[in-house]
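Peer 1: No gaps in the numbering here: position 11 of the sequence shown is 11 in full-length UniProt numbering, and each next residue is one more. Positions of the beta carbon are idealized from the N, C-alpha and C atoms, including for glycine.
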Amino acid sequence: MASTTAPVRRQASALLNTALRQPKVTATRTITTSTKPPRPSQQPRQPLSPQCLRLQTRRPFSTSPSRPAVTNPKANQRTGLFSLRSAALFIGTGAALVFYFQYEKARLERKRVVEMSKGYGKPKVGGPFTLQDLDGKEVTEKDLLGKYAIIYFGFTHCPDICPDELDKLSAAIDILNEKAPHTFKPIFISVDPARDTPAVLRSYLSEFHPQIQGLTGTWQQIKDTCKVYRVYFSTPQDLKPGEEDYLVDHSIYFYVMDPEGDFVECIGRQDTPESAAGIILEHIKDWNKEGKSIDRTPLGFRNEAVRQTVQKRSSEVGAGGVANRVSAPA
């Protein structure tokens, strides 16, 4: 065993000694640098493909494209196809169109009512009547022609409705005197002739506008007048002769008649003095547009005191009262 391993050891020792006697070799690496800028490539850059562009606009871990950054501050004021300015213009135009169509609708409705009130040349509301004024003078429907007539049916013992409506009429008269003077006649017709004598009616109307003209008559005359104007009124059935404490049920409307005696409008409790005067002024404007004339002769007054009262009320309203909120007819 010892004889076989000895040659192997000698051979290994010889190889080791030979390796130790060889010179050492050191490996080196040289890096060269230059101060000149690199030359651009002679080959043109190829544009990115649509697929690459789509990849660049996508966010990591997302399948939807990323939103572009906003660099213009004014862009925040726009939403879609509309800006704040265009939206305001759109709203203003729409409001103007709505107002115009509502005005035209109301005007056409007034015209339709006027046409419907005329049947075969005769008015369905209004007609012949005979009454007396506060001086006992006879008054008929012909005395109302030439001007717009504003007729109200009531009675002096009315607890609340008639006074409220006459106050409204008085305020509307002030407006009309300022915007369209001498174009109308306000009339109060009593539906209670038993108690509303000329003296009682004169005292009652003195509490309201002095231009309101009072009319009364016999019970039959009042009944006939209410019939042609389609006015409802009734007294208690069990009323005893000479009894003074009772109420009269009646219609609560102002009947507006044009200068030719045709019915044109009803003004109810829902109307204000401004709206009531505005309705009449609109009819006057339409009348003027048709080229028709209105008698503008000033109405006579019972005495000088009444005339001065009317002038004083008109001057107070014209100086800055409610009439300035209603436009005059063209």
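Report yes if the CB atom of M257 is closer than 8 Å to the CB atom of Y152, and no otherwise.
Peer 2: Along the sequence shown, one-based indexing puts residue 257 at 257. Along the sequence shown, one-based indexing puts residue 152 at 152. No, the pair does not count as a contact, with Cβ atoms beyond the cut-off.
Peer 1: Who are the near neighbours of S251 in its chain, counting only those whose CB is closer than 6 Å to its CB and skipping five residues on each side?
Peer 2: By 1-based counting over the sequence shown, the position of residue 251 is 251. Excluding residues within five positions, the ones whose Cβ falls inside 6 Å are V231, Y232.
Peer 1: Reducing DSSP to helix, strand and coil, say where Q11 ends up.
Peer 2: By 1-based counting over the sequence shown, the position of residue 11 is 11. DSSP places Q11 in helix when its eight states are reduced to three.
Peer 1: Cα-Cα, which of Q220, W219, S203 is closest to Q213?
Peer 2: Taking the sequence shown and counting its residues from 1, one reaches residue 213 at position 213. Nearest of Q220, W219, S203 to Q213, Cα basis: S203.
Peer 1: So, at 6 Å on beta carbons, what are the nonlocal neighbours of Y209 in its own chain, with the 5 sequence-adjacent residues on each side left out?
Peer 2: By one-based count along the sequence shown, residue 209 stands at place 209. The question names Tyr, yet the displayed sequence has His at residue 209. S170, I173, listed in sequence order.
Peer 1: Of the residues T216, C266, E244, C158, which one's Cα is nearest the Cα of S190?
Peer 2: To locate residue 190, count along the sequence shown from 1; it is residue 190. Of the listed residues, the one whose Cα sits closest to S190 is T216.
Peer 1: Can you give the Cα-Cα distance for D262 and G126, rounded to whole angstroms?
Peer 2: Indexing the sequence shown from 1 puts residue 262 at position 262. Indexing the sequence shown from 1 puts residue 126 at position 126. Cα-Cα distance, rounded: 7 Å.
Peer 1: Hey, quick one: how far does the beta strand (DSSP E) through residue 348 stretch, first residue to last?
Peer 2: This structure cannot settle anything about residue 348, because the visible part of the chain is limited to 1 through 330.
Peer 1: Hey, could you find the ends of the alpha helix (DSSP H) P198 is sitting in?
Peer 2: By one-based count along the sequence shown, residue 198 stands at place 198. That run of the alpha helix (DSSP H) goes 198-205.
Peer 1: Considering only residues of the same chain and omitting the five flanking positions on each side of T225, which have a CB-CB separation below 7 Å?
Peer 2: Taking the first residue of the sequence shown as position 1, residue 225 is located at position 225. Excluding residues within five positions, the ones whose Cβ falls inside 7 Å are F129, L131, I189.
Peer 1: May I have the straight-line CA-CA distance separating T140 from T93, to the nearest angstrom?
Peer 2: The count along the sequence shown starts at 1 and reaches residue 140 at position 140. The count along the sequence shown starts at 1 and reaches residue 93 at position 93. Roughly 51 Å separates the two Cα atoms.
Peer 1: Kindly indicate the opening and closing residues of the alpha helix (DSSP H) around V264.
Peer 2: Position 264 of the sequence shown, counted from the first residue, corresponds to residue 264. Looking at the DSSP string, V264 is not in any alpha helix (DSSP H); the run it does join, the beta strand (DSSP E), is 263-267.
Peer 1: Three-state secondary structure (DSSP) at S275?
Peer 2: One-based indexing of the sequence shown puts residue 275 at position 275. Helix, per DSSP.
Peer 1: Which two residues bound the contiguous beta strand (DSSP E) that contains S293?
Peer 2: Reading the sequence shown from its first residue, position 293 is the one you call residue 293. From DSSP, S293 is part of no beta strand (DSSP E); its letter is neither H nor E.
Peer 1: Going by alpha carbons, who is nearest to V200 out of F155, C162, R269, K223?
Peer 2: Stepping through the sequence shown from its first residue, residue 200 is reached at position 200. Selected option, being the one with the closest Cα: F155.
Peer 1: Taking the alpha-carbon positions, what's the T297 to V228 distance?
Peer 2: Here residue 297 refers to the residue found at position 297 when the sequence shown is read from its first residue. Here residue 228 refers to the residue found at position 228 when the sequence shown is read from its first residue. Roughly 27 Å separates the two Cα atoms.
Peer 1: Please name the residue in D167, A180, T18 whose C-alpha comes closest to that of W287.
Peer 2: The residue given as residue 287 occupies position 287 in the sequence shown. Of the listed residues, the one whose Cα sits closest to W287 is A180.
Peer 1: How about Q211 and P193: do their beta carbons lie closer than 8 Å?
Peer 2: Along the sequence shown, one-based indexing puts residue 211 at 211. Along the sequence shown, one-based indexing puts residue 193 at 193. Contact flag unset, no.
Peer 1: What's the gap between the Cα of K223 and the Cα of R269?
Peer 2: Locating residue 223 in the sequence shown gives position 223, counting from the first residue. Locating residue 269 in the sequence shown gives position 269, counting from the first residue. Taking the straight line from one Cα to the other gives about 23 Å.
Peer 1: Taking DSSP as the reference, what is the three-state secondary structure of S117?
Peer 2: Looking up residue 117 in the sequence shown gives position 117. Since pLDDT at S117 reaches only 49, below the 50 mark, its modelled position is unreliable, and the value read off the structure follows with that caveat. In this structure, S117 counts as coil in the three-state DSSP scheme.
Peer 1: Output the residue ranges of the beta strand (DSSP E) runs that lie fully inside the stretch 140-166 and measure 3 residues or longer, sorted by chain position.
Peer 2: Runs found: 148-154.
Peer 1: So, is V248 buried or exposed, given that buried needs 16 or more other C-beta atoms within 10 angstroms?
Peer 2: On the sequence shown, position 248 is the one that residue 248 refers to. Per the 10 Å Cβ criterion, buried.
Peer 1: Less than 7 Å between the CB of F155 and some heavy atom of the ligand GDP, yes or no?
Peer 2: By its list of ligands, the structure shown contains no ligand whatsoever, and the ligand GDP lies outside what it can speak to.
Peer 1: Can D295 and G136 be called in contact, C-beta distance under 8 Å?
Peer 2: On the sequence shown, position 295 is the one that residue 295 refers to. On the sequence shown, position 136 is the one that residue 136 refers to. No, the Cβ-Cβ distance between D295 and G136 is not below 8 Å.
Peer 1: So the beta strand (DSSP E) Q132 belongs to, where does it begin and stop?
Peer 2: Mapped onto the sequence shown, residue 132 falls at position 132. Start and end: 130-133.
Peer 1: Where does V98 land, buried or exposed, given buried means 16+ other C-beta within 10 angstroms?
Peer 2: Residue 98 sits at position 98 when you count from the first residue of the sequence shown. Exposed, since its Cβ has fewer than 16 Cβ neighbours within 10 Å.
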